[in-house]
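In our numbering, the protein residues as written are 2 to 128.
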């Protein structure tokens, strides 16, 4: 055992810095989505690490699956149609907590969607 004792003085940590972001994942227990919620929490913690203050899993019912960051709803299964993939979730959280942050290979910011009405800038126009 180490000689270090936990701080029980009730002293608050230094809060001179801005509070770190909080992510809340509310999942349906009836639908057995705990594993999915836990995996998404792990993905966020692996990517953002100590830049996040906390990731909280909140049990719910009725098919709920929502993800909020700093009280801003970033994903709602019913509204957005299903579940986000890991890259999309990381982008959504990044856009709230640090929009200029690069996410490396998973970062699709600036990536043009494949809109059938838009022309590929790399293609040659036959006309």
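For glycine and all other residues, C-beta sits at the position ideal for the given N, C-alpha and C. Here the structure is a predicted model, which is why all the values come from computation and not from measurement.
Residues bridged to residue i [DSSP beta-bridge criterion]
i          : result
residue 68 : 26, 76
residue 60 : 28
Terminal residues of the alpha helix (DSSP H) in which residue i lies
i           : result
residue 54  : No alpha helix (DSSP H) contains residue 54, which DSSP labels as neither H nor E.
residue 101 : Counting along the chain, residue 101 falls outside any alpha helix (DSSP H), and DSSP gives it neither H nor E.
Rounded Cβ spacing between residue i and residue j (contact assumed at less than 8 angstroms)
i          : j          : result
residue 59 : residue 45 : So it is not a contact: roughly 15 angstroms between Cβ atoms.
residue 21 : residue 52 : 7 angstroms
Distance CB(residue i)-CB(residue j) smaller than 8 angstroms
i           : j          : result
residue 91  : residue 48 : yes
residue 69  : residue 37 : no
residue 30  : residue 67 : no
residue 32  : residue 64 : yes
residue 104 : residue 75 : no
residue 23  : residue 54 : yes
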